[in-house]
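Peer 1: Residue numbers (the working numbering): 163 to 458. For glycine and all other residues, C-beta sits at the position ideal for the given N, C-alpha and C. I am attaching a structure below and will ask some questions about it afterwards.
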């Protein structure tokens, strides 16, 4: 291992955590991992991750602690719960939260961790999914103090095709909510377009070719639309998480007095999708609601 690289502790070894840690190990980092599910720790060991027996144990052995879990409550538990980061945190260490977390809770947790231990906090949510995490080509939007960002920059650059410092702690999570407005509403738009193309009797597979060079062209038309066409709903992220994020968009928008009617409608679609038992499918499975066989 490269002795100039910080030792990384990684909490949360789900779909994204496995991809993150595979990338980091491949780049020569020493990576220590922890998850509540022992089978996920074992899976990460296959690509070189050393096991920790708690978040506190992991923090004691690491220079930087990266967190990627599915909820704000999960972050709170990992950091401040029994056996959590706070038990072995210190001012010479740094926490980077890649989870999609509530903005105000992020600010509060960062302030508490620094006040109690001196440990800095960067909120650095991501966009791109497991394939981009595995290849180090994520979009990372970060919030944090300038000094903390400078410390973390080399690691974040290794994980990202585009790493942008958006402002103080919390700014990364605000930016992620804007990302979710753009991405998750687009899932529903793509599903609607595909359903209309198929019903209209045209070759729906040619839509990206026909429209990609015009104003309808986008990364999602190129990458997500073909998966929808193939009904490939294997999860790169879960429909239940899409609904969670859209509810977070609603809560943030309400606190800012910003209307979000498009996101509200998309959230209703995902509420129906989840109520039909499809929460463990990929978010693009919203297409199922446009299918006459099992639609709305």
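Comparing C-alpha positions only, which one of 324, 391, 222, 244 sits nearest to residue 352?
Peer 2: Locating residue 352 in the chain shown gives position 190, where the first residue counts as 1. That would be 391, whose Cα lies nearest to the Cα of residue 352.
Peer 1: May I ask you to verify whether the stretch 404-424 touches the stretch 327-346, counting CB pairs closer than 8 Å and requiring at least 3?
Peer 2: Contact between the stretch 404-424 and the stretch 327-346 is present, because at least three Cβ pairs lie under 8 Å.
Peer 1: Identify the continuous beta strand (DSSP E) that holds residue 326 and give its terminal residues.
Peer 2: By 1-based counting over the chain shown, the position of residue 326 is 164. It spans 322-329 - the beta strand (DSSP E) in which residue 326 sits, taken as one unbroken run.
Peer 1: Label residue 344 either buried or exposed according to how many other C-beta atoms from any shown protein chain fall within 10 Å of its C-beta, with 16 as the threshold for buried.
Peer 2: What you label residue 344 is simply residue 182 of the chain shown in a count that begins at 1. Burial call: exposed.
Peer 1: Give the secondary structure of residue 171 by DSSP, where H, G and I count as helix, E and B as strand, and everything else as coil.
Peer 2: Translated into positions along the chain shown, residue 171 becomes position 9. In the structure shown, residue 171 sits in a strand (DSSP, three-state: E or B).
Peer 1: Whole angstroms are fine: how far does the CA of residue 362 sit from the CA of residue 481?
Peer 2: Past the boundaries of the shown model lies residue 481; the chain is included only from 163 to 458, so the question cannot be answered.
Peer 1: According to DSSP, which residues form a beta bridge with residue 284?
Peer 2: Taking the first residue of the chain shown as 1, we reach residue 284 at position 122. Bridge pairing for residue 284: 258 [DSSP].
Peer 1: Quick check: the Cα distance between residue 175 and residue 380, rounded to an integer number of angstroms?
Peer 2: Numbered from 1 along the chain shown, position 13 holds the residue referred to as residue 175. Numbered from 1 along the chain shown, position 218 holds the residue referred to as residue 380. Roughly 30 Å between the two C-alpha positions.
Peer 1: To the nearest angstrom, how far is the alpha carbon of residue 159 from that of residue 317?
Peer 2: In the structure displayed, the chain extends from 163 to 458; residue 159 sits before or after that span and is not available.
Peer 1: May I have a chain-ordered list of the alpha helix (DSSP H) segments no shorter than 4 residues that lie completely inside the stretch 368-438?
Peer 2: 369-373, 381-391, 401-418, 423-437
Peer 1: Kindly indicate the opening and closing residues of the alpha helix (DSSP H) around residue 217.
Peer 2: As a first step, residue 217 is located in the chain shown; it is residue number 55 there, counting from the start. Note, residue 217: alpha helix (DSSP H), 217-223.
Peer 1: Quick one, are the C-beta atoms of residue 207 and residue 213 less than 8 Å apart?
Peer 2: As a position in the chain shown, residue 207 is number 45, starting the count at 1. As a position in the chain shown, residue 213 is number 51, starting the count at 1. Yes, the Cβ-Cβ distance between residue 207 and residue 213 is below 8 Å.
Peer 1: Measure the alpha-carbon distance for residue 306 versus residue 350 and round it to whole angstroms.
Peer 2: If you number the chain shown from 1, residue 306 lands on position 144. If you number the chain shown from 1, residue 350 lands on position 188. Those two C-alpha atoms are separated by around 33 Å.
Peer 1: Buried or exposed: which applies to residue 180, given that a residue is buried once 16 or more other Cβ atoms fall within 10 Å of its Cβ?
Peer 2: For the purposes of this step, residue 180 is taken as the residue at position 18 of the chain shown. Classification for residue 180: buried.
Peer 1: What is the residue span of the beta strand (DSSP E) that residue 228 lies within?
Peer 2: The residue given as residue 228 occupies position 66 in the chain shown. In the DSSP annotation of this structure, the continuous segment of the beta strand (DSSP E) that includes residue 228 starts and ends at 226-229.
Peer 1: Going by C-alpha distance, which of 377, 448, 281 is nearest residue 396?
Peer 2: Here residue 396 is taken as the residue at index 234 of the chain shown, counted from 1. The shortest C-alpha separation from residue 396 is found at 448.
Peer 1: Put residue 364 into one of helix, strand or coil per three-state DSSP.
Peer 2: Here residue 364 corresponds to residue number 202 of the chain shown, with the count starting at 1. In the structure shown, residue 364 sits in coil (DSSP, three-state: anything other than H, G, I, E or B).
Peer 1: What residue range is occupied by the uninterrupted alpha helix (DSSP H) comprising residue 443?
Peer 2: Taking the first residue of the chain shown as 1, we reach residue 443 at position 281. Per DSSP, residue 443 belongs to no alpha helix (DSSP H) and is neither H nor E.
Peer 1: Determine the closest residue to residue 229 out of 244, 249, 288, with distance taken between C-alpha atoms.
Peer 2: As a working note, residue 229 is residue 67 in the chain shown. For the residues 244, 249, 288, the minimum Cα distance to residue 229 belongs to 288.
Peer 1: By how many angstroms is the C-alpha of residue 335 removed from the C-alpha of residue 266?
Peer 2: Residue mapping note: residue 266 aligns to position 104 of the chain shown, counting from 1. Residue mapping note: residue 335 aligns to position 173 of the chain shown, counting from 1. Residue 266 and residue 335: Cα-Cα distance of roughly 9 Å.
Peer 1: How many whole angstroms separate the CB atoms of residue 227 and residue 285, which I take to be in contact at a CB cut-off of 8 Å?
Peer 2: What you label residue 227 is simply residue 65 of the chain shown in a count that begins at 1. What you label residue 285 is simply residue 123 of the chain shown in a count that begins at 1. Contact doesn't hold; Cβ gap of about 13 Å is too wide.
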